[in-house]
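Chemist:
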Amino acid sequence: MPSSAPTAILLDYPRHRLPRILLSLLILYSTPVFAEARAKPPRLPISGDVLIAGGVSTGGNVTESAEFYSVRFRKFILTGAMTMPRATQQSQVMFDTAESESNNDVGEIYMIGGFSGSARPARSSITFNILTLDDFEAYDPTTGTFAVPTLPTLQPMSNPRAFFPALDIPAGAPHIEGHFVAIAGLCNAPDLDSCRTSDVIHPDDHVTSTSNPLVGRMMHTATLLQDETSILVTGGFADLAGTGLNTAEILDTNTDNYSAIANMNSARAGQTATLLNDGTVLIAGGFDGSGAAQNTAEIFNPGANPLVGTFTPVAMMHDHRAWHTATLLSDGKVLMAGGFDGSATVALTGAGTGVTGKWTASSGSSLRTAELYDPITQTFACVKGTIKKTGGCRMTMKAARMDHTATALDDGDVLIAGGFGASKARLLPLKGAELFHAGKFVFTGNMTTARAWHTAIALP
205 MPSSAPTAIL LDYPRHRLPR ILLSLLILYS TPVFAEARAK PPRLPISGDV LIAGGVSTGG
265 NVTESAEFYS VRFRKFILTG AMTMPRATQQ SQVMFDTAES ESNNDVGEIY MIGGFSGSAR
325 PARSSITFNI LTLDDFEAYD PTTGTFAVPT LPTLQPMSNP RAFFPALDIP AGAPHIEGHF
385 VAIAGLCNAP DLDSCRTSDV IHPDDHVTST SNPLVGRMMH TATLLQDETS ILVTGGFADL
445 AGTGLNTAEI LDTNTDNYSA IANMNSARAG QTATLLNDGT VLIAGGFDGS GAAQNTAEIF
505 NPGANPLVGT FTPVAMMHDH RAWHTATLLS DGKVLMAGGF DGSATVALTG AGTGVTGKWT
565 ASSGSSLRTA ELYDPITQTF ACVKGTIKKT GGCRMTMKAA RMDHTATALD DGDVLIAGGF
625 GASKARLLPL KGAELFHAGK FVFTGNMTTA RAWHTAIALP
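With our numbering applied, the sequence shown corresponds to residues 205 to 664, in that order.
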């Protein structure tokens, strides 16, 4: 402002107000203008809140954004972003030592592998142009930021991995307690056999390999059994053409060796596997050998020796489901929510530069239904009752979803977030979330970003 401007302004005011105006102008010209306000530090989650990160977002692009669900305020709050976009990564809590875990110290949340690029949904397909990732990064809940570990021992996994499971071996387990195990998955290669490796990620961020899994797999499951030394690996796709597997194997974490066990009763990929309170594992749904979502389920009973464990069919679900979620509730029942109920084909091409291709549905849609498995009766019951004409479940969820997350909260609720839903007959990543509360689904607001194939993990 020119120096004559204050004089011109003053001439327009009565004389008795001049001292006040002069004082105001003196303050104006002598006080710095705070055009650049200090950046506010990120809001921080507390114990029991849910960290949600990455995933396929609007337009099919993979995002690096992250947020957390505040259980206290029942709202989603933006937090620091990951160092790079990731989808289908695995998230686990890492403690420096087993003692720090038992002492309830604050751990870091690790994001392991996944893919970057895009997975663009259309009316009935998802087109992939992705690069699978071999690294990991950590979220510090005390600062609300992500960082790539910088210790001299840091190294990548033996293979990039997407559509894979990673397990935390809890404190008290021998040999690799407090470490992660990441098993097979999709990598930047022309076949899944080239991805047939397994890694242990240690608390000091160095990586060692186990023996190789017996079969290359993606979209499979891995479950730590109650003996806390044996990991059950089931099903998945055997190749980039989407051939479903009925095979299973056990990783003995004492020896780092895999062993074949009896086959499942059905081929499954995109299924769920849930450790029940009695030590058995409920394996449900998934795409069968022909690419159709199924309603069958079976129980793996490890007995005294998991290597001779058995698979036994149980009652069928009311709806066919693949890419659904299964959550163990506090009463011992399992909530099966959402998923896809039709038939689809997979056609992917892998190379060192990444993976391209398409998942195409010939029938079916994402689901708004849910049902509960009762381990005592070994039967399923629809949350809102069945449709008499078809025997399927009545719609009860607030949105149809597949490839979403379901996270058990400390208060007994289950947070269901994101996934692919349908809008005007087109698949789209969702922002909406809901709670399974007191036997029914209720709205709990929108995430800050639409997400599918993301991760969600409750802070310890």
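For glycine and all other residues, C-beta sits at the position ideal for the given N, C-alpha and C.
What you are looking at is a predicted structure, and each value in this text was computed from that prediction instead of being measured.
For Gly446, count neighbouring C-beta atoms within 10 Å of its own C-beta (all shown protein chains included) and say buried if the count is 16 or more, exposed if not.
Modeler: Within the sequence shown, numbered from 1, the residue matching residue 446 stands at position 242. By the 10 Å Cβ count, Gly446 comes out buried.
Chemist: Contact defined as beta carbons within less than 8 Å: I believe Ser362 pairs with Ser413. What is the distance between those atoms, to the nearest angstrom?
Modeler: Along the sequence shown, read from residue 1 onward, the residue named residue 362 stands at position 158. Along the sequence shown, read from residue 1 onward, the residue named residue 413 stands at position 209. With a Cβ gap of about 5 Å, Ser362 and Ser413 count as contacting.
Chemist: One question on the structure: do Thr659 and Ile281 come within less than 9 Å of each other, judged by their Cβ atoms?
Modeler: To locate residue 659, count along the sequence shown from 1; it is residue 455. To locate residue 281, count along the sequence shown from 1; it is residue 77. Not in contact: Thr659 and Ile281 (Cβ atoms no closer than 9 Å).
Chemist: Beta carbon of Thr287, beta carbon of Pro246: below 9 Å?
Modeler: If you number the sequence shown from 1, residue 287 lands on position 83. If you number the sequence shown from 1, residue 246 lands on position 42. Contact: no.
Chemist: Between the Cα of Val437 and those of Gly636, Leu486, Gly264, spot the shortest distance and give me the residue it belongs to.
Modeler: Residue mapping note: residue 437 aligns to position 233 of the sequence shown, counting from 1. Answer by Cα proximity: Leu486.
Chemist: According to the Cβ coordinates, are Thr649 and Leu634 closer than 9 Å?
Modeler: Stepping through the sequence shown from its first residue, residue 649 is reached at position 445. Stepping through the sequence shown from its first residue, residue 634 is reached at position 430. One point to set straight first is that residue 649 is Gly, not Thr, in the sequence displayed. Contact: no.
Chemist: Excluding five sequence neighbours on each side, which residues of the same chain lie with their C-beta closer than 8 Å to the C-beta of Thr557?
Modeler: For the purposes of this step, residue 557 is identified with residue 353 of the sequence shown, where counting begins at 1. Cβ neighbours of Thr557 beyond the five flanking positions: Leu335, Asn392.
Chemist: Helix or strand or just coil, what does DSSP make of Leu358?
Modeler: Position 154 of the sequence shown, counting from 1, holds the residue named residue 358. Residue state, collapsed to three classes: coil.
Chemist: Are Ala501 and Gly489 closer than 9 Å when you measure CB to CB?
Modeler: One-based indexing of the sequence shown puts residue 501 at position 297. One-based indexing of the sequence shown puts residue 489 at position 285. Cβ distance < 9 Å, so Ala501 and Gly489 count as in contact.
Chemist: If I measure Cβ to Cβ from Asn265 and keep anything under 7 Å in the same chain, skipping five residues before and after, which residues do I get?
Modeler: Taking the sequence shown and counting its residues from 1, the one referred to as residue 265 is at position 61. So the qualifying residues of the chain are Ser322.
Chemist: By DSSP's criteria, His641 is part of a beta bridge. Which residues make up the other side?
Modeler: Locating residue 641 in the sequence shown gives position 437, counting from the first residue. Note: His641 sits in a beta bridge opposite Lys644.
Chemist: Among the candidates Leu358, Leu455, Phe319, whose CA atom is the shortest distance from the CA of Ile373?
Modeler: Start at 1 with the first residue of the sequence shown, and residue 373 comes out as number 169. Residue Leu455 is the option with its Cα nearest to Ile373.
Chemist: So, at 8 Å on beta carbons, what are the nonlocal neighbours of Phe584 in its own chain, with the 5 sequence-adjacent residues on each side left out?
Modeler: By one-based count along the sequence shown, residue 584 stands at place 380. Ala501, Ala519, Met520, Met521, His522, Met540, Glu575, Leu576, Tyr577, Asp578, listed in sequence order.
Chemist: Using beta-carbon positions only, say whether Gly493 and Val550 come within less than 9 Å of one another.
Modeler: Position 289 of the sequence shown, counted from the start, is the residue given in the question as residue 493. Position 346 of the sequence shown, counted from the start, is the residue given in the question as residue 550. Cβ distance not < 9 Å, so Gly493 and Val550 don't count as in contact.
Chemist: I'd like the span of the beta strand (DSSP E) that includes Leu335, first residue to last.
Modeler: By 1-based counting over the sequence shown, the position of residue 335 is 131. From DSSP, the beta strand (DSSP E) with Leu335 extends over 329-336.
Chemist: Quick one: what does DSSP say Cys399 is sitting in, helix, strand or coil?
Modeler: As a working note, residue 399 is residue 195 in the sequence shown. Note: Cys399 maps to helix in three-state DSSP.
Chemist: Taking only runs that begin and end inside the segment 549-600, name each unbroken beta strand (DSSP E) of 3 or more residues, in chain order.
Modeler: Those beta strand (DSSP E) runs which fall completely within the segment 549-600 and span 3+ residues are 558-565, 574-578, 583-586.
Chemist: Does DSSP put Pro246 in a helix, in a strand, or in coil?
Modeler: Start at 1 with the first residue of the sequence shown, and residue 246 comes out as number 42. Coil at Pro246, not helix or strand.
Chemist: How many Å lie between Asp253 and Leu479 at the Cα?
Modeler: Position 49 of the sequence shown, counted from the first residue, corresponds to residue 253. Position 275 of the sequence shown, counted from the first residue, corresponds to residue 479. Answer to the nearest angstrom: the Cα atoms are 23 Å apart.
Chemist: Could you spell out where the beta strand (DSSP E) holding Asn416 opens and where it closes?
Modeler: Taking the first residue of the sequence shown as 1, we reach residue 416 at position 212. No beta strand (DSSP E) contains Asn416, which DSSP labels as neither H nor E.
Chemist: Within the segment 410-491, note down every full beta strand (DSSP E) run reaching 3 residues or more, in order along the chain.
Modeler: Here the runs fully enclosed are 411-413, 425-428, 434-438, 452-456, 461-464, 476-479, 485-488.
Chemist: Could you compute how far the alpha carbon of Gly474 sits from the alpha carbon of Leu449?
Modeler: For the purposes of this step, residue 474 is taken as the residue at position 270 of the sequence shown. For the purposes of this step, residue 449 is taken as the residue at position 245 of the sequence shown. Each residue's Cα considered, the two are about 11 Å apart.
Chemist: Quick one: any contact between the segment 586-603 and the segment 632-646, if contact means 3 or more CB pairs under 8 Å?
Modeler: A contact exists between the segment 586-603 and the segment 632-646.
Chemist: Per DSSP, what are the beta-bridge partners of Lys279 in this structure?
Modeler: Start at 1 with the first residue of the sequence shown, and residue 279 comes out as number 75. Paired residues: Ser274.
Chemist: How should Ser402 be labelled, buried or exposed, when 16 other C-beta atoms within 10 angstroms of its C-beta is the threshold for buried?
Modeler: Locating residue 402 in the sequence shown gives position 198, where the first residue counts as 1. Buried is the call here.
Chemist: Drop a sphere of 10 angstroms on the beta-carbon of Ser320, count the other beta-carbons inside from all chains shown, and report buried for 16 or more, exposed for fewer.
Modeler: One-based indexing of the sequence shown puts residue 320 at position 116. Burial call: buried.
Chemist: Here's a check: name, in chain order, each residue in its chain whose Cβ is nearer than 8 Å to the Cβ of Ser295, leaving out the five neighbours to either side.
Modeler: The count along the sequence shown starts at 1 and reaches residue 295 at position 91. Cβ within range, chain order: Leu255, Ala257, Ile313, Tyr314, Met315, Ile316, Thr659, Ala660, Ile661.
Chemist: Going by other Cβ atoms of all chains shown within 10 Å of its Cβ, with 16 needed for buried, is Ile387 buried or exposed?
Modeler: Working through the sequence shown from its first residue, we reach residue 387 at position 183. Under this definition Ile387 is a buried residue.
Chemist: With Val518 as the anchor, note down where its beta strand (DSSP E) starts and where it stops.
Modeler: Locating residue 518 in the sequence shown gives position 314, where the first residue counts as 1. First-last of the beta strand (DSSP E) with Val518: 514-518.
Chemist: Are the Cβ atoms of Ser566 and Met606 separated by less than 9 Å?
Modeler: On the sequence shown, residue 566 is found 362 positions in, with the first residue counted as 1. On the sequence shown, residue 606 is found 402 positions in, with the first residue counted as 1. Contact flag unset, no.
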